[in-house]
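Notes for the one structure printed next.
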Amino acid sequence: MKRLLIFSLLFCFACAPLPPAPQSSVPIAATPIFTATTEATAASLSAPAEDYVTFSINIQDFSHPAESAALLNRILDLHEETGVPVDIYLTDVMARIYAEQFPTLVERLRTSPVAAVSYHDRAPRPYVNNYDWLGLGDMSAQQQYETVMRYETHAVDPVTGQTTEEPGGYQYVASLIGYPPYAASSLTGGALDQAVTRVFRELGARLTVVHGRATDLGEKKDGLYVRPEHFDYMLFQHAGEDAVASFESALTQARASGGQSPYFVGVKMHDNDFFATKSAWTTVYMNSGKRPNWDPTLSAPLLSPAEQDAMWTIYEQTVRHVASQQNHITPVNLPMILQMLTQ
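Using the working numbering, the final residue of the sequence shown is 395, and nothing's skipped along the way.
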């Protein structure tokens with residue numbers, strides 16, 4: 053009876069709603085309580101381990117949309133089969149491609165019991181990763197804010213980099229999936245960072261992303277929680293290795309990061325890692341110059357079948373290893389992390 057009472061309390065905590073998100077200007081439905089399985093959430097609350105893992109899939113390859121869509125369906129199949137939560141980071145360009153060409157995939161993202169959608173920026177938005185071709189650095193703080201807000205509510209011309217009158221940015225992805233993407237990431241540097249974070253916060257984001265150092269659970273940046281991560285496990289760099297040994301090494305490095313427990317390993321992949329030699333945005337907006345006009349029809353070659361198989365193999369084996377070790381490490385996605393922060 054005592055065990056039954058404890059389990060009942062844990063189940064209640066797992067299903068408790070999150071605090072309301074900041075007000076967004078998008079007329080959309082309320083953020084769902086979870087887009088990960090209730091069973092996984094209950095396990096995370098009761099697990100004694102202080103080790104966690106997140107799986108982040110960055111969707112960005114507009115040059116190979118069919119391959120990207122097929123890959124994402126395959127990833128969702130794997131995570132739904134194993135019950136391992138996953139975060140899907142969409143650009144507005146890829147969200148639009150999916151909506152127009154693969155609408156059933158968008159519906160699947162909305163309803164998957166293990167997937168949560170977040171948002172990330174890519175060039176040619178001029179505040180991404182020190183890519184200021186527009187001269188934002190010479191603007192006042194208010195002008196920077198207004199410019200970023202326009203870019204995060206409007207689509208971008210892929211040739212000129214200028215905004216259009218079509219909906220786009222974070223706001224478009226929110227309207228498409230029916231809730232504000234949990235995290236928003238732009239990797240902006242310097243003074244622009246504050247304007248970008250403010251825009252994301254006002255549009256409804258709850259978290260942001262920091263690279264290059266360990267980030268602890270509960271850390272904040274300009275009013276947004278920072279995604280906790282003590283080791284950035286770029287899995288695409290480990291194709292052909294032993295998946296279990298490589299993951300356990302990543303976990304060891306997370307514990308040795310100097311951060312505070314609980315410790316988080318962030319498993320990182322991009323859609324193009326599975327099928328292309330380079331990403332579309334790198335091919336078009338970096339390798340071909342950092343000022344307009346650009347040629348969005350350029351594309352990187354595909355990986356060989358053997359290379360594609362090797363990349364999928366280490367990813368699948370890593371997911372299955374984590375699924376089999378939930379007494380050892382707890383897989384979570386961002387809505388589950390938010391519950392950890394707010395319960």
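The beta-carbon is built from N, C-alpha and C at its ideal position, and this holds for glycine as well.
Who are Y171's beta bridge partners in DSSP?
Looking at the DSSP assignment, Y171 forms a beta bridge with L142 and A236.
Are there 16 or more other CB atoms within 10 angstroms of the CB of G292, so buried, or fewer, so exposed?
Answer is exposed; the Cβ neighbour count stays below 16.
Examine chain B for any beta-carbon lying closer than 9 Å to the beta-carbon of L244, and answer yes or no.
Note that chain B does not occur in the displayed structure, where there is just one protein chain.
Roughly how many angstroms lie between the CA atoms of N181 and Q214, to the nearest whole one?
Looking at the two C-alpha atoms, the distance is approximately 17 Å.
Among Q391, L393, P387 and Q395, whose alpha-carbon lies nearest the alpha-carbon of Y35?
Because the chain spans 53 through 395 in this model, residue 35 falls outside it and cannot be assessed.
Report the partner residues of Y183 according to the DSSP bridge assignment.
Answer is none; Y183 lacks a bridge partner.
Measuring CB to CB, does W333 end up less than 9 Å from Q112?
It is a contact, given that the beta carbons lie within the stated cut-off.
Tell me which residues share the same chain as L393 and place their Cβ nearer than 8 Å to its Cβ, disregarding the 5 neighbours each side in the sequence.
Excluding residues within five positions, the ones whose Cβ falls inside 8 Å are L269, G270 and Y277.
For M286, write down the residues that DSSP places opposite it in a beta bridge.
DSSP lists K320 as partners of M286.
Classify E281 as buried or exposed, calling it buried when 16 or more other Cβ atoms lie within 10 Å of its own Cβ.
Label assigned to E281: buried.
Could you check the C-alpha separation between N125 and L355 for me, to the nearest Å?
Near 19 Å, if we compare the C-alpha coordinates of L355 and N125.
Taking the runs of the beta strand (DSSP E) that are 3 residues or longer, which of them lie wholly in the stretch 113-167?
As far as the stretch 113-167 is concerned, its whole beta strand (DSSP E) runs of at least 3 residues are 138-142.
Rounded to whole angstroms, what is the Cα-Cα separation between W185 and I109?
Taking the straight line from one Cα to the other gives about 28 Å.
With distances taken Cα to Cα, identify the nearest neighbour of D347 among Y315, K273, P210 and L239.
Nearest option by C-alpha distance: P210.
What do you reckon, are the CB atoms on Y222 and G275 nearer than 9 Å?
Cβ atoms of Y222 and G275: not closer than 9 Å.
My guess is that F107 and V145 are in contact by the Cβ rule of under 8 Å, so how many angstroms apart are they, rounded?
Wrong, their Cβ atoms sit about 22 Å apart, outside the cutoff.
L161 and I229 - do their beta-carbons sit closer together than 9 Å?
It is a contact, given that the beta carbons lie within the stated cut-off.
Using CA coordinates, which residue listed in Q305, L259 and V319 is at the minimum distance from Q369?
Nearest of Q305, L259 and V319 to Q369, Cα basis: V319.
So what's F327 in DSSP terms, helix, strand or just coil?
Reduced to three states, the DSSP call for F327 is coil.
What is the DSSP secondary structure of E218, reduced to helix, strand or coil?
DSSP places E218 in strand when its eight states are reduced to three.
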